[in-house]
Amino acid sequence: MGDFRSIADRIAEDIAVGRLRPGQRLPPQRWFARRHRIAPSTAGRVYGELVRRGLVVGEVGRGTFVRAAPGGAQGRALIESATAAPVNLELNYPAVPGQSELLAPSLAPLLRADALTEAMRPGAADGTAAAREAAADLLALPDWRPDPSRLLFAGNARQAIAAALASLVRPGGRVGVEELTYPLVKEIAGRLGLVLVPLPGDAEGVRPDALAAVHRAAPLSALYLQPTLHNPTAATMSERRRHELGRLVVESGLPVVEDRIWSFLHPDAVPLAVHAPGLTHVVDGLSKRVAPGLTVGFLVVPEQRVEAVGAAVRSGGWSAGRFAVEAAVRWTGDGVVRRLVEEKRADVARRQAILAEHLAGFTVRTDPRAYFAWWELPAPWRADTFTAAAAAHGIAVTPGTAFAVDPHRTPDAVRLGLASAPPPELARALRTLAGVAAAGPPESRAG
């Protein structure tokens, strides 16, 4: 009833007088439209108008929440004023001072007309001989160097994961994953028509006995695992656990997609592929080592799988741009990637110290080498209400529900990305969140 602005005015009044409190979630737009007898498109305009006025904030995949009132409303649960610009602890792309200046000189040769003409040609799934050698050098560890002939390239690591899974599992197939997994893998599985099966684990990750039991009960088609610096818990499998899993994988003939996107921060952890080389598809990339804007995804696949995975890369439209591949070759050869990795390892230690200082006394799972932390919230906080309270304070965090594979088992935890915010801003945000967590939800203090 009425135009969208008058409806927005009424919601704004409810916020002003306290009928809608900071951090409170507004109903889904379809429900709102039915309640007010308006079209869903009009409801969308109402919500858009409230966002424009700065009264609510929309969180993708979670809903729309009332922002904290400016000037510090009475009864507010937050210990500092909301920041004018949000602090994003969802995005997690590390960068170090002087990074662009370090990257630029290696690109200069590519900007010559002759080189640029060649670099702008379509890229092939298997790149070039020089690119395969450079990628093998980049991914090499003291006890493992991938065979360059088994290397393929995608636009980024997400596309590499999609290509590997598409080549391994038919629609309707079951893929075993950690109980908490990379959220975009859930999206990839949905688009490919795959069923994700959560595998029980412990502090090191998936338990071999649990995997064996699940596979016996209903066979799996493949596994997707993050054995090194698992996102979001930062868990890393011991060498013994990798050996046990590798043996089980070989015995069962179960192919694996091993995500090593954060492994550059933990060079002592050898790939699971060492224990099951004929079945493991290793995924890595440049987005974390270098930057997200010009990146390449790497796939190291079993020898007999090169053609099939390459076909999946091509048919999915997931091939890497040749310019990006050529840039990666130069950055690797010039030692730029190696230097960035060294600086980011030092940077993560500084950020972990900030985390330890401001969240001391809370239950936080992380690793000294990780750019993220898994915060198990104190009762009676729930992940969604805490995320709303953080958003009202201008701080974006990722709720545990985003990582949970089983929608009926959602943890009351949030993931904190430590990489993107400048250290002083990170410290302020963590100090604020600690105060919010300690104060408890507004409803728990009522009366």
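Numbering (this note's numbering), first residue to last: 26 to 472. Each residue gets a CB set at the ideal place from its N, CA and C atoms; glycine is no exception. Keep in mind it's a predicted model, so treat the numbers as computed, not measured.
| query | result |
| --- | --- |
| Residue interval of the alpha helix (DSSP H) (run including Arg394) | Counting along the chain, Arg394 falls outside any alpha helix (DSSP H), and DSSP gives it neither H nor E. |
| Gly100 classed as buried or exposed, judged by whether at least 16 other C-beta atoms fall within 10 angstroms | Confidence is the limiting factor: at Gly100 the pLDDT is only 32, short of 50, which leaves the residue's position unreliable, though a coordinate-based value still follows. Per the 10 Å Cβ criterion, exposed. |
| Pro344 in three-state terms, based on DSSP | For clarity, residue 344 is Ser in the given sequence; the question names Pro instead. Strand. |
| Alpha-carbon to alpha-carbon, Ile63 and Trp56 | 10 Å |
| Through-space distance from Pro252 to Arg307, alpha-carbon basis | The sequence shown places Val at residue 307, rather than the Arg named in the question. About 11 Å. |
| Whole-number beta carbon distance between Leu290 and Thr248, since they are thought to touch under 8 Å | For the record, residue 248 in the displayed sequence is Leu; it is not Thr. Rounded, the Cβ-Cβ distance is 23 Å, inconsistent with contact. |
| Run of the alpha helix (DSSP H) containing Thr320, from where it starts to where it stops | Unbroken run through Thr320: none, as it is neither H nor E. |
| Same chain only: Cβ atoms within 8 Å of Pro134, ignoring 5 sequence neighbours per side | Ala140, Arg355 |
| DSSP beta-bridge partners of Ala169 | According to the sequence shown, residue 169 is Trp rather than Ala. Note: Trp169 sits in a beta bridge opposite Leu166. |
| Residue(s) in a DSSP beta bridge with Asp284 | Val308 |
| Those residues which DSSP pairs with Arg390 across a bridge | Trp399 |
| Where the alpha helix (DSSP H) containing Val326 begins and where it ends | Note, Val326: premise wrong, no alpha helix (DSSP H); not H, not E. |
| Spatially closest choice to Val82 from Thr206, Leu402, Leu451, Ala416, by CA coordinates | Ala416 |
| From Arg265, Ala454, Asp309, residue whose alpha carbon lies closest to that of Glu283 | Asp309 |
| Burial state of Glu332, where buried means 16 or more other Cβ atoms lie within 10 Å | exposed |
| CA nearest to the CA of Glu115, picked from Ala429, Gly152, Thr423 | Thr423 |
| CB of Ala179 within 7 Å of CB of Ala188, strictly | yes |
| Euclidean distance between Cα positions of His61 and Arg70 | 13 Å |
| Inter-residue spacing [alpha-carbon to alpha-carbon] between Thr457 and Ser288 | 30 Å |
| Alpha carbon of Ala413 to alpha carbon of Gln49, nearest angstrom | 7 Å |
| Assigned exposure category for Met26 - 16 Cβ within 10 Å defines buried | Residue confidence for Met26 is low, a pLDDT of 47 falling below 50, so the modelled location carries little weight; the figure read from the coordinates is stated next. Answer is exposed; the Cβ neighbour count stays below 16. |
| Burial state of Met262, where buried means 16 or more other Cβ atoms lie within 10 Å | buried |
| Continuous beta strand (DSSP E) assignments of at least 3 residues falling wholly in the region 103–152 | none |
| Beta strand (DSSP E) segment containing Val202, residue limits | 199–203 |
| Min CB distance Pro449 to chain D below 7 Å | Included in the structure is just one protein chain, with no chain D present. |
| Buried or exposed (CB count within 10 angstroms, at least 16 for buried), Gly218 | exposed |
| Identity of the residue in Asp227, Asp409, Arg92 nearest Arg77 by Cα | Arg92 |
| Sub-7 Å separation of Phe348 and Ala144 beta-carbons | yes |
| Test item: CB-CB of Ala352 and Leu132 under 7 Å | yes |
| Thr89 versus Leu80 - alpha carbon distance | 10 Å |
| For Asn256 and Pro225, the rounded distance between their alpha carbons | 16 Å |
| In DSSP terms, what Ala207 is bridged to | Per the sequence presented here, residue 207 reads as Tyr, with Ala not at that position. According to DSSP, Tyr207 bridges with nothing at all. |
| Stretch-stretch touch, CB-based, cutoff 8 Å, three pairs: the region 360–369 with the region 327–341 | no |
| Buried or exposed (CB count within 10 angstroms, at least 16 for buried), Ala425 | The sequence shown places Gly at residue 425, not Ala. Counting Cβ neighbours within 10 Å, Gly425 comes out buried, since at least 16 surround it. |
| Cα-Cα separation between Glu229 and Thr67, rounded to whole angstroms | 49 Å |
| Residue burial classification, His433 (beta-carbon count within 10 angstroms, cutoff 16) | exposed |
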